[in-house]
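So that you can map any letter, position 20 of the sequence shown is 20 in full-length UniProt numbering, and since no number is skipped, the others follow by simple counting. Glycine residues also receive a C-beta, built at the ideal position from the N, C-alpha and C atoms. Below is one structure, written out as C-alpha coordinates; comments come after it.
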Amino acid sequence: MYEVEIKVRGGGSFEVFLCNTTKRFKELTVEDLWDKVQQEKERYNSENYRLLFEGSILDEDDSLYETGIRNGSVIILESVRREPIRFQCSSGRRNSMDRLADFDVCVLQ
(Lines of atoms letter the chains of each structure in order from A; the text may use other names.)
(Lines give C-alpha, C1' and ligand atoms only; values in the text may rest on other atoms or scores of the structure.)
Protein backbone atom coordinates (compact mmCIF):
# COMPACT_ATOMS: atom_id res chain seq x y z
CA MET A 1 0.00 0.00 0.00
CA TYR A 2 1.52 3.34 -1.05
CA GLU A 3 0.62 6.44 0.96
CA VAL A 4 2.28 9.82 1.39
CA GLU A 5 1.84 12.48 4.05
CA ILE A 6 0.90 15.97 2.91
CA LYS A 7 1.97 18.72 5.32
CA VAL A 8 0.30 22.05 4.73
CA ARG A 9 2.70 24.93 5.22
CA GLY A 10 1.12 27.01 7.93
CA GLY A 11 -0.41 24.06 9.76
CA GLY A 12 -2.15 20.76 9.32
CA SER A 13 -1.40 17.52 7.55
CA PHE A 14 -3.23 14.58 6.03
CA GLU A 15 -2.39 11.30 4.35
CA VAL A 16 -3.12 10.41 0.74
CA PHE A 17 -3.51 6.83 -0.45
CA LEU A 18 -1.89 6.51 -3.88
CA CYS A 19 -2.16 2.87 -4.94
CA ASN A 20 -1.61 -0.70 -3.77
CA THR A 21 1.02 -2.07 -6.17
CA THR A 22 4.61 -1.15 -6.96
CA LYS A 23 3.90 -1.40 -10.69
CA ARG A 24 1.04 1.11 -10.46
CA PHE A 25 3.08 3.41 -8.21
CA LYS A 26 5.88 3.58 -10.77
CA GLU A 27 3.33 4.75 -13.37
CA LEU A 28 1.98 7.63 -11.27
CA THR A 29 2.81 11.28 -11.98
CA VAL A 30 2.58 14.40 -9.85
CA GLU A 31 -0.68 15.17 -11.68
CA ASP A 32 -2.08 11.89 -10.31
CA LEU A 33 -0.95 12.97 -6.85
CA TRP A 34 -2.82 16.26 -7.29
CA ASP A 35 -5.96 14.31 -8.18
CA LYS A 36 -5.62 12.32 -4.95
CA VAL A 37 -4.99 15.48 -2.90
CA GLN A 38 -8.14 17.09 -4.29
CA GLN A 39 -10.18 13.96 -3.58
CA GLU A 40 -9.05 14.20 0.03
CA LYS A 41 -9.25 17.99 0.46
CA GLU A 42 -11.17 19.78 -2.30
CA ARG A 43 -9.90 23.27 -1.51
CA TYR A 44 -6.31 22.42 -2.46
CA ASN A 45 -5.61 22.68 -6.19
CA SER A 46 -2.67 23.24 -8.49
CA GLU A 47 -3.80 26.78 -9.37
CA ASN A 48 -3.43 28.05 -5.80
CA TYR A 49 -0.94 25.63 -4.28
CA ARG A 50 2.27 23.87 -5.16
CA LEU A 51 3.75 20.61 -3.97
CA LEU A 52 7.32 20.56 -2.66
CA PHE A 53 9.45 17.51 -2.00
CA GLU A 54 12.89 17.86 -0.44
CA GLY A 55 12.91 21.58 -1.26
CA SER A 56 12.01 21.22 -4.95
CA ILE A 57 8.74 22.18 -6.62
CA LEU A 58 7.10 19.15 -8.21
CA ASP A 59 6.10 19.54 -11.85
CA GLU A 60 2.79 17.89 -12.82
CA ASP A 61 4.44 15.85 -15.59
CA ASP A 62 7.11 14.38 -13.28
CA SER A 63 6.98 10.72 -12.33
CA LEU A 64 6.54 10.25 -8.58
CA TYR A 65 9.04 7.43 -8.57
CA GLU A 66 11.71 9.38 -10.46
CA THR A 67 11.42 12.35 -8.09
CA GLY A 68 12.39 10.07 -5.20
CA ILE A 69 8.95 9.94 -3.59
CA ARG A 70 8.31 6.63 -1.85
CA ASN A 71 5.74 5.16 0.50
CA GLY A 72 5.62 7.33 3.61
CA SER A 73 7.32 10.35 2.02
CA VAL A 74 6.40 13.78 3.39
CA ILE A 75 5.33 16.32 0.78
CA ILE A 76 4.80 20.01 1.56
CA LEU A 77 1.72 21.80 0.25
CA GLU A 78 2.37 25.53 -0.04
CA SER A 79 0.24 28.45 -1.20
CA VAL A 80 1.47 30.23 -4.32
CA ARG A 81 -0.34 33.48 -3.50
CA ARG A 82 1.68 36.32 -2.17
CA GLU A 83 -0.64 38.87 -0.63
CA PRO A 84 0.62 42.24 0.55
CA ILE A 85 -0.33 43.10 4.10
CA ARG A 86 0.07 46.39 5.95
CA PHE A 87 1.05 46.81 9.54
CA GLN A 88 2.30 49.58 11.78
CA CYS A 89 5.49 49.43 13.77
CA SER A 90 5.86 51.50 16.92
CA SER A 91 9.20 52.81 18.13
CA GLY A 92 8.31 51.48 21.59
CA ARG A 93 8.96 54.79 23.37
CA ARG A 94 6.56 55.65 26.17
CA ASN A 95 5.43 59.05 27.44
CA SER A 96 5.99 60.61 24.07
CA MET A 97 4.33 60.36 20.74
CA ASP A 98 5.20 57.04 19.20
CA ARG A 99 6.54 57.23 15.72
CA LEU A 100 4.56 54.98 13.43
CA ALA A 101 5.87 53.69 10.15
CA ASP A 102 3.94 51.85 7.46
CA PHE A 103 5.49 48.86 5.77
CA ASP A 104 4.38 46.86 2.77
CA VAL A 105 5.29 43.25 3.33
CA CYS A 106 4.80 40.24 1.11
CA VAL A 107 4.24 37.02 2.99
CA LEU A 108 3.97 33.48 1.71
CA GLN A 109 0.78 32.01 3.12
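Counting of Cβ neighbours within 10 angstroms places T22 among the exposed residues, the total staying below 16.
Selection R9, F14 and L18 evaluated against I69 yields L18 as nearest (Cα-Cα). Taking C-beta atoms as the reference points, V8 and N48 fail to come closer than 8 Å.
For K23, the enclosing alpha helix (DSSP H) stretches over residues T22 to E27.
Looking from the CA of E60, the closest CA among M1, E31 and G10 belongs to E31. Secondary-structure assignment with DSSP links I6 through a beta bridge to F14 and I75. Counting C-beta atoms within 10 angstroms of its own C-beta, I76 has 16 or more neighbours from the protein chains shown and is therefore classed as buried.
Separation of S13 and L52 (C-alpha to C-alpha, rounded to the nearest whole angstrom) is 14 Å.
The Cβ neighbour count for I6, taken over all protein chains shown within 10 Å, is at least 16; the residue is labelled buried.
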